Amino acid sequence: MAQATDIIIIGAGICGLYAAKELSGKGKSVILLEAREAAGGRIRSINGNFSKAVDAGPEFIHGDLPITKALIKEAGGAFHEQNGKFYRSKNGKVKESEDMIPGWDRLMKELKSLKKDVPLMEFLNTHFNDETDKELKTAVINMAEGFDAADANRISTFAVREEWMGDSMELSYRIEGGYSMLVDYLTSECKKQGCVFIMSAIVKEINWKPEPVFVHCSDGRSYSANQVLVTVPVGILLASEDEKSHIRFTPGIPEKIAALKQMGFGPVIKINMEFSSAFWNDPKYKGKAPQLPDLGFLLSESEIPVWWTQEPDAPFLTGWAGGSRAEKLKTLSDEKLFEKAMASLSEAMNTPVELLQRLLKAHSVSNWGTDPFTKGAYCYETPGTAEAKKILAEPLEDKVFFAGEALGENMGTVEAALESAVGVLTNSHFCRILP
Ligand SMILES: Cc1cc2nc3c(=O)[nH]c(=O)nc-3n(C[C@H](O)[C@H](O)[C@H](O)COP(=O)(O)OP(=O)(O)OC[C@H]3O[C@@H](n4cnc5c(N)ncnc54)[C@H](O)[C@@H]3O)c2cc1C
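Letter by letter, the sequence shown follows residues 10 to 444 of my numbering.
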């Protein structure tokens, strides 16, 4: 016998949790089916040997994002501006850098005059193909691939233009206590309002022709509901039948699968490290490590190219490889990735590995491209994304609806996941609950 409810939400990431809180707050009965043992999805904090929790997933609020900020306020939380200067490491020298990209003004001029959207690589090959443009071109590719987890052969130049000219590049914030405080708040509200959380429930099939809709899990349990909200990542909707997170739709959804293939969804490798000293700004290590006062971000050409601090003087560093760099590395074991991270940091900071090893207190490796319930990090926009989103946002006979980061306006962010939840909640064919 299938357990019945008004609404089943598949995925207890921020999108599913937010939708569940709003729906249950209006008296709907909600079951959340979540494959992992804990809620939060891509929002995950790690304690391990760290002296305070660090984030395996999101850390920043990229710009003035209204739903995220309102939710933090509702949860009684606070956020502060991200501090610190940019530095660039090249040929063993680390220097403060005003521009993240050399030749920024020329790049902006060409971007502004672009009339038709093309993949970024095509744009660069057309406008910056001289030998003298090499440095600019490499920096643009590294930045787009790194921060947007993108493939430069696929990412939309219009999307890059919009992002780099908007406020998200200049203004970013951090939530006190990290994004996990939002997960804790939403989970607790959902539970108070009677939502049923079923954890370690890997959905295998959604049979959406009958009324009600049936959802079957890999452990044999089944559930039925009038409407189902699917919030799993693009990587899961595209997983092949032999993968444990694959969801079969009965009948199949070939039009949506074709649309999903037009979207960009890239990997990220994130390495968190804690040291016994912020050696980059500690006179004790002068002469052994470069002194980088007020370090925010350090950009380099190493295999793990981007490094950032939590606060300039706190002894934590995060290493980051996104897009094609992460794609190349993602099949390596966590131990190998950690070795590469130490070698990259040593190169980027021009500091001996032995010193880094001596000062290291804790570390963790998060390889999102191989995470079984995400299979990537987040979406980026391709020239085909707008059309693909319209197709994905169409419900299946007003019974199965889709939401999640891929369907929000600010793709690839927590805000996008929340935007997509609000979008479905205000759809008149879903149980309309918001004004
Ligand atoms: C490394 C990294 C860094 C990031 N940095 C930032 C940042 O700084 N700022 C920012 O705004 N955003 C950032 N993001 C993006 C942000 O984390 C996501 O956009 C957002 O958390 C997505 O929420 P969601 O609810 O749409 O999806 P998810 O959090 O992925 O939730 C979907 C849920 O579905 C579950 N699921 C999957 N398959 C199944 C199945 N078969 N059955 C049942 N359940 C299933 C998953 O376990 C998961 O819990 C980052 C992401 C990553 C990975």
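Built from N, CA and C at the ideal position, the CB exists for glycine as well.
On a predicted model such as this, the values are computed, not experimentally measured, just so you know.
key: Buried or exposed by the 16-neighbour rule on C-beta atoms within 10 Å, applied to Thr422   = The residue given as residue 422 occupies position 413 in the sequence shown. Answer is buried; the Cβ neighbour count reaches 16.
Residue closest to Asn151, alpha-carbon to alpha-carbon, out of Glu396, Ser309, Leu341, Leu368 = Along the sequence shown, read from residue 1 onward, the residue named residue 151 stands at position 142. Nearest C-alpha to Asn151: Ser309.
task = Please work out which residues of its chain come closer than 6 Å, Cβ to Cβ, to Pro221, disregarding the five sequence neighbours upstream and downstream, and give them in chain order.
result = To locate residue 221, count along the sequence shown from 1; it is residue 212. Once the five neighbours on either side are set aside, the close Cβ partners of Pro221 are Ser233, Ala234, Asn235.
query = Does DSSP classify Met479 as helix, strand or coil?
reply = Nothing can be reported for residue 479: it is not among the residues displayed for the chain, which extend from 10 to 444.
message = My output table needs one value for Tyr27: the three-state DSSP class, helix, strand or coil.
response = In the sequence shown, residue 27 corresponds to position 18, counting from 1. Helix, per DSSP.
task = Check whether the Cβ atoms of Ala159 and Gly332 sit closer than 9 Å, and answer yes or no.
result = For this step, residue 159 is matched to residue 150 along the sequence shown. For this step, residue 332 is matched to residue 323 along the sequence shown. Going by beta carbons, Ala159 and Gly332 fall inside the 9 Å limit.
inquiry  = Is it buried or exposed, His438, if we count other Cβ atoms within 10 angstroms and call 16 or more buried?
reply    = One-based indexing of the sequence shown puts residue 438 at position 429. His438 comes out exposed.
inquiry  = Quick check on Met282: buried or exposed, where buried means 16 or more other Cβ atoms within 10 Å of its Cβ?
reply    = Your numbering for residue 282 matches position 273 in the sequence shown. Buried, since its Cβ has 16 or more Cβ neighbours within 10 Å.
query = Thinking C-alpha only, which one of Val212, Gly203, Ser181, Leu369 is nearest Leu74?
reply = Against the sequence shown, residue 74 aligns to sequence position 65. Relative to Leu74, the option among Val212, Gly203, Ser181, Leu369 whose CA is nearest is Ser181.
request  = Would you kindly check if the distance between the Cβ of Cys226 and the Cβ of Val241 is under 9 Å?
outcome  = What you label residue 241 is simply residue 232 of the sequence shown in a count that begins at 1. What you label residue 226 is simply residue 217 of the sequence shown in a count that begins at 1. Contact: no.
ask   = What do you reckon, are the CB atoms on Phe382 and Ser254 nearer than 9 Å?
value = On the sequence shown, residue 382 is found 373 positions in, with the first residue counted as 1. On the sequence shown, residue 254 is found 245 positions in, with the first residue counted as 1. It is a contact, given that the beta carbons lie within the stated cut-off.
For Pro242, the residue or residues it bridges with in DSSP = Sequence index remark: in the sequence shown, residue 242 carries index 233 (1-based). According to DSSP, Pro242 bridges with nothing at all.
ask   = How many angstroms separate the CA atom of Ala268 from the CA atom of Gly393?
value = In the sequence shown, residue 268 corresponds to position 259, counting from 1. In the sequence shown, residue 393 corresponds to position 384, counting from 1. Roughly 8 Å separates the two Cα atoms.
ask   = Would you say Leu120 and Trp173 are within 9 Å of each other, going by their C-beta atoms?
value = On the sequence shown, residue 120 is found 111 positions in, with the first residue counted as 1. On the sequence shown, residue 173 is found 164 positions in, with the first residue counted as 1. Their beta carbons are under 9 Å apart, which means Leu120 touches Trp173 by this criterion.
inquiry  = Using 8 Å for Cβ pairs, my map puts Ala425 next to Glu418. What's the rounded Cβ distance?
reply    = Residue mapping note: residue 425 aligns to position 416 of the sequence shown, counting from 1. Residue mapping note: residue 418 aligns to position 409 of the sequence shown, counting from 1. The distance from the Cβ of Ala425 to that of Glu418 is about 7 Å, consistent with a contact at the 8 Å cut-off.
request  = Over the uninterrupted alpha helix (DSSP H) stretch that includes Leu427, give me the two end residues.
outcome  = Taking the first residue of the sequence shown as position 1, residue 427 is located at position 418. Annotation: the continuous alpha helix (DSSP H) that includes Leu427 extends over 423-434.
ask   = What's the gap between the Cα of Ser353 and the Cα of Gly261?
value = As a position in the sequence shown, residue 353 is number 344, starting the count at 1. As a position in the sequence shown, residue 261 is number 252, starting the count at 1. Roughly 45 Å between the two C-alpha positions.
Environment of His372 [buried if 16+ CB atoms lie within 10 Å] = Within the sequence shown, residue 372 is the residue found at index 363, counting from 1. In the assembly as shown, His372 is a buried residue. Its beta-carbon has 16 or more other beta-carbons within 10 Å.
query = beta strand (DSSP E) containing Cys226: first to last residue?
reply = On the sequence shown, position 217 is the one that residue 226 refers to. Secondary structure note for Cys226: its beta strand (DSSP E) is the uninterrupted segment 222-226.
task = Can you grab the Cα-Cα spacing for the pair Glu396 / Gly413, in whole Å?
result = On the sequence shown, position 387 is the one that residue 396 refers to. On the sequence shown, position 404 is the one that residue 413 refers to. One C-alpha to the other measures close to 17 Å.
inquiry  = With the cut-off set at 9 Å, would you say Lys297 and Phe288 are in Cβ contact?
reply    = For the purposes of this step, residue 297 is taken as residue 288 along the sequence shown, with counting starting at 1. For the purposes of this step, residue 288 is taken as residue 279 along the sequence shown, with counting starting at 1. With respect to Phe288, Lys297 sits close: the two C-beta atoms are nearer than 9 Å.
query = Hey, how far is the Cα of Arg115 from the Cα of Thr147?
reply = For the purposes of this step, residue 115 is identified with residue 106 of the sequence shown, where counting begins at 1. For the purposes of this step, residue 147 is identified with residue 138 of the sequence shown, where counting begins at 1. Roughly 15 Å separates the two Cα atoms.
ask   = Does ligand 1 have even one heavy atom less than 8 Å from the beta-carbon of Arg367?
value = On the sequence shown, position 358 is the one that residue 367 refers to. Taken from the Cβ of Arg367, every heavy atom of ligand 1 lies 8 Å or farther away.
query = For Ala330, is the classification buried or exposed, using 16 other Cβ atoms within 10 angstroms of its Cβ as the cut-off for buried?
reply = Stepping through the sequence shown from its first residue, residue 330 is reached at position 321. Buried, because 16 or more other Cβ atoms sit within 10 Å of the Cβ of Ala330.
ask   = When the Cα atoms are used, what is the spatial distance from Ile400 to Glu68?
value = Start at 1 with the first residue of the sequence shown, and residue 400 comes out as number 391. Start at 1 with the first residue of the sequence shown, and residue 68 comes out as number 59. Between the alpha carbons of Ile400 and Glu68 lies a gap of roughly 30 Å.
inquiry  = If the criterion is Cβ atoms closer than 9 Å, does the pair Ile215 and Arg257 meet it?
reply    = Here residue 215 is taken as the residue at index 206 of the sequence shown, counted from 1. Here residue 257 is taken as the residue at index 248 of the sequence shown, counted from 1. Contact flag set, yes.
task = Please name the residue or residues paired with Ser98 in a DSSP beta bridge.
result = Stepping through the sequence shown from its first residue, residue 98 is reached at position 89. Looking at the DSSP assignment, Ser98 forms a beta bridge with Val103.
query = Contact between the stretch 91-103 and the stretch 190-210: three or more CB pairs below 8 Å?
reply = By the criterion of at least three beta-carbon pairs nearer than 8 Å, the stretch 91-103 is not in contact with the stretch 190-210.
message = Run through the DSSP bridge pairs and tell me what Ala335 is partnered with.
response = Within the sequence shown, residue 335 is the residue found at index 326, counting from 1. None, per the DSSP bridge assignment.
ask   = Are there 16 or more other CB atoms within 10 angstroms of the CB of Gln366, so buried, or fewer, so exposed?
value = Reading the sequence shown from its first residue, position 357 is the one you call residue 366. Exposed, by the Cβ-count rule.
ask   = Any heavy atom of ligand 3 closer than 8 Å to the Cβ of Glu250?
value = Inclusion of ligand 3 in the displayed structure is not the case, the ligand content consisting of ligand 1 alone.
ask   = Just how far apart, CA to CA, sit Glu312 and Asn436?
value = Taking the first residue of the sequence shown as 1, we reach residue 312 at position 303. Taking the first residue of the sequence shown as 1, we reach residue 436 at position 427. Glu312 and Asn436 have their C-alpha atoms roughly 45 Å apart.
task = Output the distance between the C-alpha atoms of Leu369 and Ser375, rounded to the nearest integer angstrom.
result = Residue numbering aside, residue 369 sits at position 360 when the sequence shown is read from its first letter. Residue numbering aside, residue 375 sits at position 366 when the sequence shown is read from its first letter. So the alpha carbons of these two residues sit roughly 17 Å apart.
message = Just to confirm, is the Cβ distance from Ser359 to Lys102 under 9 Å?
response = Locating residue 359 in the sequence shown gives position 350, where the first residue counts as 1. Locating residue 102 in the sequence shown gives position 93, where the first residue counts as 1. Per the sequence presented here, residue 359 reads as Asn, with Ser not at that position. Contact flag set, yes.
inquiry  = By DSSP's criteria, Gly49 is part of a beta bridge. Which residues make up the other side?
reply    = Numbered from its first residue, the sequence shown carries residue 49 at position 40. BP columns for Gly49 point to Gly22.
query = Which ranges does the beta strand (DSSP E) cover as unbroken runs of at least 3 residues, wholly within the stretch 342-430, from first to last along the chain?
reply = Entirely contained in the stretch 342-430, the beta strand (DSSP E) runs reaching 3 residues are, in chain order, 369-376, 387-389, 409-411.
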